[in-house]
Structure formats: structure tokens, C-alpha cells
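Worksheet: one structure, shown below.
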Amino acid sequence: MANRYIRRTEVEDLTGLSRSTIYRMMDAGQFPRPIRLTQKAVGWKETDIAAWLESRPVAA
Numbered sequence: 001m002a003n004r005y006i007r008r009t010e011v012e013d014l015t016g017l018s019r020s021t022i023y024r025m026m027d028a029g030q031f032p033r034p035i036r037l038t039q040k041a042v043g044w045k046e047t048d049i050a051a052w053l054e055s056r057p058v059a060a
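Residue numbers (the UniProt record's numbering): 1 to 60.
In C-alpha cells:
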């Protein structure tokens, strides 16, 4: 199955995180880094985001 790349706004919607939180967590090594798609565009592997979400604790 081909891996789908998703843009930042979709990552924000899926995770509930803001842009600044995503980048702060990336700098701390706590969030997957995006892949450069073009000279100006980046995207995250959908599977990386899904795995990150699965690794998060679930609220009781």
C-alpha cells in the first residue's frame, strides 16, 4: 500500500495540536518530522502520525 502524505492543517486536525506545539514537539524529538515534498511544501507520512497517535496515553 502506498504511503499517503498529509499536510500540516490535516495533522493539526488529526492530533488536536496547534502549529507551534507541533514544531516545538518536533524540536524536542517528541513528534515525527515531515518529509520535503517540493521546494516549499512538506508533508507527514500518514502512518507516522497514526503510530504517534497510537503511542499516546488514553484519557480515562
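Positions of the beta carbon are idealized from the N, C-alpha and C atoms, including for glycine.
Continuous alpha helix (DSSP H) stretch holding residue 11: start and end: Per DSSP, the continuous alpha helix (DSSP H) segment holding residue 11 begins and ends at 8-15.
Distance CB(residue 19)-CB(residue 46) smaller than 7 Å: Between residue 19 and residue 46, the C-beta gap is not smaller than 7 Å, which leaves the two residues out of contact.
Per DSSP, what kind of secondary structure is residue 24 in: helix, strand or coil? Residue 24 falls in the helix class under three-state DSSP.
What is the DSSP secondary structure of residue 36, reduced to helix, strand or coil? Three-state result, residue 36: strand.
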